[in-house]
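Protein chains: 2
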Amino acid sequence: MNDQSTRPLPSWNDSEAKQSILTFVEKVTTTDSPDFVPPAERIATFDNDGTLWVEQPTYTQLAFAMDRIKALAPQHPEWKTTQPFKAVLDDDLEALAAGGKKGLIELIVASHAGMSTAEFEEIVTDWQDEARHPRFERRYTELVYQPMVELLAFLRANEFKTYIFSGGGVEFMRPMTEAAYGVPPEEVVGSTIETRYEVRDGEPVLMRLPEIDFIDDEAGKPIGIHKFIGRRPIAAFGNSTGDREMLEWTGAGSGPRLMMLLFHDDDEREYAYGSAKGLADPMLGAFPPSLMETAEEKDWIVASMKDDWNQVFAFES
Amino acid sequence: MNDQSTRPLPSWNDSEAKQSILTFVEKVTTTDSPDFVPPAERIATFDNDGTLWVEQPTYTQLAFAMDRIKALAPQHPEWKTTQPFKAVLDDDLEALAAGGKKGLIELIVASHAGMSTAEFEEIVTDWQDEARHPRFERRYTELVYQPMVELLAFLRANEFKTYIFSGGGVEFMRPMTEAAYGVPPEEVVGSTIETRYEVRDGEPVLMRLPEIDFIDDEAGKPIGIHKFIGRRPIAAFGNSTGDREMLEWTGAGSGPRLMMLLFHDDDEREYAYGSAKGLADPMLGAFPPSLMETAEEKDWIVASMKDDWNQVFAFES
Chain A
487 MNDQSTRPLP SWNDSEAKQS ILTFVEKVTT TDSPDFVPPA ERIATFDNDG TLWVEQPTYT
547 QLAFAMDRIK ALAPQHPEWK TTQPFKAVLD DDLEALAAGG KKGLIELIVA SHAGMSTAEF
607 EEIVTDWQDE ARHPRFERRY TELVYQPMVE LLAFLRANEF KTYIFSGGGV EFMRPMTEAA
667 YGVPPEEVVG STIETRYEVR DGEPVLMRLP EIDFIDDEAG KPIGIHKFIG RRPIAAFGNS
727 TGDREMLEWT GAGSGPRLMM LLFHDDDERE YAYGSAKGLA DPMLGAFPPS LMETAEEKDW
787 IVASMKDDWN QVFAFES
Chain B
487 MNDQSTRPLP SWNDSEAKQS ILTFVEKVTT TDSPDFVPPA ERIATFDNDG TLWVEQPTYT
547 QLAFAMDRIK ALAPQHPEWK TTQPFKAVLD DDLEALAAGG KKGLIELIVA SHAGMSTAEF
607 EEIVTDWQDE ARHPRFERRY TELVYQPMVE LLAFLRANEF KTYIFSGGGV EFMRPMTEAA
667 YGVPPEEVVG STIETRYEVR DGEPVLMRLP EIDFIDDEAG KPIGIHKFIG RRPIAAFGNS
727 TGDREMLEWT GAGSGPRLMM LLFHDDDERE YAYGSAKGLA DPMLGAFPPS LMETAEEKDW
787 IVASMKDDWN QVFAFES
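For the protein sequence lines, the chains are A and B, in the order given.
Under the numbering used here, think of the first position of the first sequence as 487, with each following residue one higher.
Under the numbering used here, think of the first position of the second sequence as 487, with each following residue one higher.
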């Protein structure tokens with residue numbers, strides 16, 4: 487990570503988006519400013535998929551789930567003819583998308599349960615180490631956005647706590663967030679499945695059950711923020727309709743606020759799917775015109791990947 | 487709070503309990519010790535009721551719920567003849583106890599829902615300011631154990647994060663934990679009820695619903711620890727059967743561990759109910775012989791309020 491003490495956010499162009507961040511951080515950290523915010527209240531929340539790392543051509547966790555489904559398929563002959571499993575076995579992303587979030591949850595439940603939390607962590611860690619992204623041919627953990635990594639570090643250097651609030655599974659993220667983002671497990675919140683406490687041969691374990699506990703998306707994000715932090719963030723970062731409520735909730739507090747959406751409009755360095763037209767599949771990172779309208783109306787910053795970032799990935803340099 | 491830099495834990499007598507704490511903290515913080523634990527992994531979890539503050543003659547939150555039920559009773563004439571509400575209106579703690587945890591939850595749900603989270607916080611804050619404990623005639627927030635407040639501060643001074651994991655409602659605790667214990671809201675975990683995100687006159691609010699979301703007690707404690715922190719604590723403190731699984735889970739990790747139960751055996755300065763015989767009501771702070779056996783078997787420290795503490799409350803001095 488760059489030393490940002492003399493030149494913060496080096497991968498950001500000197501445009502309005504960067505200036506908005508710098509101005510905001512300066513005013514909340516200047517002791518004699520009327521906008522000063524004590525460090526304890528400097529909470530910033532970040533979406534993960536499409537905000538901190540790549541979510542195309544599918545969510546990383548979906549790629550993981552698909553690999554798991556394929557590995558488990560011999561024990562489930564019925565999957566050959568049942569959706570959404572058939573779509574996975576056929577590598578048919580269109581059919582998968584047709585199943586919507588409901589199908590996604592079915593896949594998650596079938597592929598993410600039935601083992602202890604410790605066993606699952608090992609499965610995830612192994613996969614994240616071995617799997618490669620189809621286009622970039624790199625580990626998914628390398629496909630984190632360098633400008634956002636710098637932003638996280640810059641905020642923490644200014645005594646912010648930087649939380650992740652993602653629709654993704656918390657136990658899929660925690661093995662990678664510390665190394666990739668500098669975010670410790672206790673500041674990562676995501677969707678969860680139910681677990682059961684059991685004592686096996688005298689050793690307590692937490693077994694993962696095929697049942698959804700909490701979906702940390704849309705209205706689930708402010709609900710989760712209230713449950714996990716108990717304070718309202720003063721800054722929030724997202725990239726899709728799933729982040730709307732988190733930004734609304736953040737913006738509704740009193741005092742200075744920073745809300746930002748990342749707009750994916752760079753198909754050379756990453757992907758361009760930043761509008762409803764950009765992608766057939768509304769499940770993945772949708773940024774419809776209605777969200778753009780809300781952003782304009784509420785003065786949320788919309789950062790353009792193409793125009794506001796001079797570098798997308800660390801491996802480019 | 488005392489400066490503990492020269493003489494830590496001044497309200498603890500120089501007995502085995504105190505010595506165990508000091509030895510543990512020294513070995514996990516000594517860089518060249520084989521038992522050294524990096525600061526990020528120094529997680530300590532504390533039960534609240536009966537571990538950090540008084541839980542007799544009833545849980546503080548139950549006293550609050552009873553006051554709320556009485557205030558709401560005119561709108562619920564049926565409560566005069568229905569348990570557990572009748573027991574509350576008659577101040578009949580015995581009948582309340584007969585209803586067990588199920589009855590308790592009914593009271594919580596009836597008295598803690600139907601308002602926004604912001605409104606509830608105000609109700610709780612007002613009550614905590616006004617209500618007085620029947621025996622000590624002080625605010626409940628003054629009835630925190632000085633030795634435990636010192637222990638929390640001592641651990642934090644040694645780069646521990648000190649979390650509360652309580653069966654009590656998180657939104658009943660968060661208004662008081664920072665001032666009383668130095669624990670910020672994001673390090674307080676408790677039972678929760680469901681909330682719903684709504685936009686009211688353009689302002690987003692979280693409405694509290696009459697439905698249990700999560701009970702942070704017994705097996706719920708390790709489940710909550712895994713969900714909220716994602717790391718295993720290296721130290722855990724409790725006082726009753728509701729803490730058994732938290733201590734088991736903590737103890738099952740590798741490396742140095744500290745597990746401690748507080749035994750209430752001091753009816754002069756506080757209460758003596760530290761055994762199954764001590765209290766008719768198994769609902770409140772039960773410490774049955776079976777728990778004492780487990781403590782002996784697993785080398786959990788049992789701290790005696792009578793013998794190990796030279797001071798119980800700050801206001802004594």
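All C-beta atoms, glycine included, are put in the ideal place defined by N, C-alpha and C.
Here V669 of chain A carries a coil assignment [DSSP, helix/strand/coil].
Using a Cβ-Cβ cut-off of 8 Å, T627 of chain A does not count as an interface residue toward chain B, since no Cβ of chain B sits closer than that to its own. Per DSSP, the beta bridge partners of W498 of chain B are B:W795. Counted as a single uninterrupted DSSP element, the beta strand (DSSP E) harbouring G724 of chain A occupies residues A721 to G724. The residue from B:G724, B:E783, B:T736 and B:R718 with its alpha-carbon nearest to that of A526 of chain B is B:R718. V674 of chain A reaches chain B at G716, counting residues in chain order whose Cβ is nearer than 9 Å. For P525 of chain A, there are no neighbours in chain B by C-beta distance under 9 Å, as the nearest C-beta there is about 11 Å away.
With a 10 Å radius around the Cβ and a threshold of 16 neighbouring Cβ atoms, E783 of chain A comes out exposed. Between N725 of chain B and F646 of chain B, the gap from beta carbon to beta carbon reaches 8 Å or more. Boundaries cannot be given for F801 of chain A, as no alpha helix (DSSP H) includes it and DSSP labels it neither H nor E. Here the stretch 613-620 of chain B does not lie against the stretch 638-645 of chain A, with fewer than 3 beta-carbon pairs under 8 Å apart. Only residues of its own chain outside the window of five on either side were considered, and among them V798 have a CB closer than 6 Å to the CB of R755 of chain B, listed in chain order.
Closest option to M745 of chain A, judged by alpha-carbon separation, among A:A666, A:D753, A:P775 and A:I787: A:I787. For P520 of chain B, there are no C-beta contacts with chain A under 9 Å, since the nearest C-beta of that chain is about 23 Å from it. The C-alpha of V685 of chain A lies about 16 Å from the C-alpha of H712 of chain B. Rounded to the nearest whole angstrom, the CA to CA distance from E802 of chain B to D535 of chain B is 20 Å. For R554 of chain A, the enclosing alpha helix (DSSP H) begins and ends at T546 to L558. W498 of chain B sits away from D729 of chain B, with the two beta carbons spaced by 8 Å or more.
Remark: C-beta atoms of P708 of chain A and E731 of chain A approach each other more closely than 8 Å. Here E580 of chain A is exposed: its Cβ has fewer than 16 other Cβ atoms, across all protein chains shown, within 10 Å.
Take L495 of chain A, set aside five residues on each side of it, and the residues of its chain with a beta-carbon closer than 8 Å to its own are K504, I507, L508, P633, E636, L637 and F640, in chain order. For P775 of chain A, the enclosing alpha helix (DSSP H) starts and ends at P775 to E783. One alpha carbon belongs to I529 of chain B, the other to Q569 of chain B, and they sit about 41 Å apart. Taking 8 Å as the cut-off, the beta carbon of V675 of chain A is found no closer than this to the beta carbon of T648 of chain A. Distance from E673 of chain A to I650 of chain A at the Cβ level is roughly 7 Å; contact confirmed, criterion being Cβ atoms closer than 8 Å. Interface criterion not met: the Cβ of Y667 of chain A is under 8 Å from no Cβ in chain B.
Bounds of the beta strand (DSSP E) holding V685 of chain B are V674 to R686. Assignment of beta-bridge partners to A789 of chain B by DSSP yields B:L748. For the 8 Å CB-CB criterion, R554 of chain B and S597 of chain B form a contact. Counting C-beta pairs closer than 8 Å gives three or more between the stretch 651-663 of chain A and the stretch 690-707 of chain A, which meets the contact rule. A direct Cα-to-Cα measurement between I715 of chain A and K566 of chain A gives close to 43 Å. Contact check for E680 of chain A against V610 of chain A fails: the beta carbons are separated by 8 Å or more. Ranked by Cα distance from V511 of chain A, the first of A:R743, A:A665, A:G739 and A:R660 is A:R743. When DSSP states are grouped into helix, strand and coil, I715 of chain A belongs to the coil group. For D615 of chain B, the enclosing alpha helix (DSSP H) stretches over residues T603 to E616. Taking a C-beta distance under 8 Å as the contact criterion, Q547 of chain B and Y757 of chain B do not qualify as a contact pair.
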